[in-house]
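In my numbering, the protein residues as written are 1 to 185.
Notes for the one structure printed next.
Rendered as structure tokens:
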């Protein structure tokens with residue numbers, strides 16, 4: 001592959017925690033250069049390792065993200081009910097394993113109580129303002145959601161409205177959403 005290959009772009013994933021629930025929403029657009037390849041990709045998924053519900057959304061390479069989701073599931077099975085520990089263990093592996101270091105993706109994960117962003121740099125970040133976002137339109141969605149957090153809107157309403165704003169601004173984000181809601185366990 002040459003250096004001028006246009007590359008895969010796109011996605012916006014947002015996580016909003018409010019009123020005892022967490023919502024993770026993601027758009028469905030996958031782009032190659034300036035072309036939309038697919039508009040209905042599903043980048044937010046519910047995981048249930050050992051009956052323990054977790055919602056995860058990913059931005060970046062799909063194959064890389066699926067590899068990370070599989071690793072996260074195995075970490076959750078090894079540490080049931082301990083999302084933070086599973087995330088830290090995944091981040092440590094991602095940072096130190098030569099194969100995993102090449103993966104290009106980011107994850108937002110939640111169990112309905114805790115909310116984290118996991119990066120390939122070894123970061124496990126919990127948002128300060130109960131909102132986090134990743135992907136090409138992530139900053140737009142994040143800013144929009146932060147501006148709505150003091151309103152009467154629910155977590156889902158905020159996530160949907162923020163994603164609509166991101167889709168209006170970011171050419172790599174569309175309005176075809178997958179939304180998963182999870183409450184505190």
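Note that the Cβ used here is the ideal one computed from N, Cα and C, for glycine as well.
Minimum C-alpha distance to residue i - residue among the options
i, options, result
"residue 93", "173, 167, 122", "122"
"residue 126", "110, 138, 141", "110"
"residue 158", "10, 143, 74", "143"
"residue 67", "177, 40, 20, 120", "120"
"residue 179", "40, 34, 10, 35", "40"
"residue 75", "136, 50, 46", "50"
Proximity of residue i and residue j at Cβ, strictly below 7 Å
i, j, result
"residue 24", "residue 54", "no"
"residue 115", "residue 15", "yes"
"residue 18", "residue 155", "yes"
"residue 90", "residue 72", "yes"
"residue 140", "residue 31", "no"
"residue 12", "residue 161", "no"
"residue 129", "residue 153", "no"
Inter-residue CB distance, residue i and residue j (contact presumed, cutoff 8 Å)
i, j, result
"residue 163", "residue 27", "6 Å"
"residue 118", "residue 87", "5 Å"
"residue 183", "residue 112", "5 Å"
"residue 58", "residue 107", "5 Å"
"residue 21", "residue 181", "6 Å"
7 Å Cβ cutoff, residue i in contact with chain D
i, result
"residue 164", "No chain D is part of this structure, which consists of one protein chain only."
* Asked: Which residue spans inside the stretch 66-123 form an unbroken beta strand (DSSP E) run of at least 3?
  -> 105-110, 115-118
* Asked: Enumerated in chain order, which unbroken segments of the beta strand (DSSP E) with a length of 3 residues or greater are wholly contained in the stretch 2-53?
  -> 12-18, 21-26, 30-32, 35-38, 44-47
* Ranges of the alpha helix (DSSP H) found wholly within the stretch 131-177, counting only runs of at least 4 -> 138-148, 155-169
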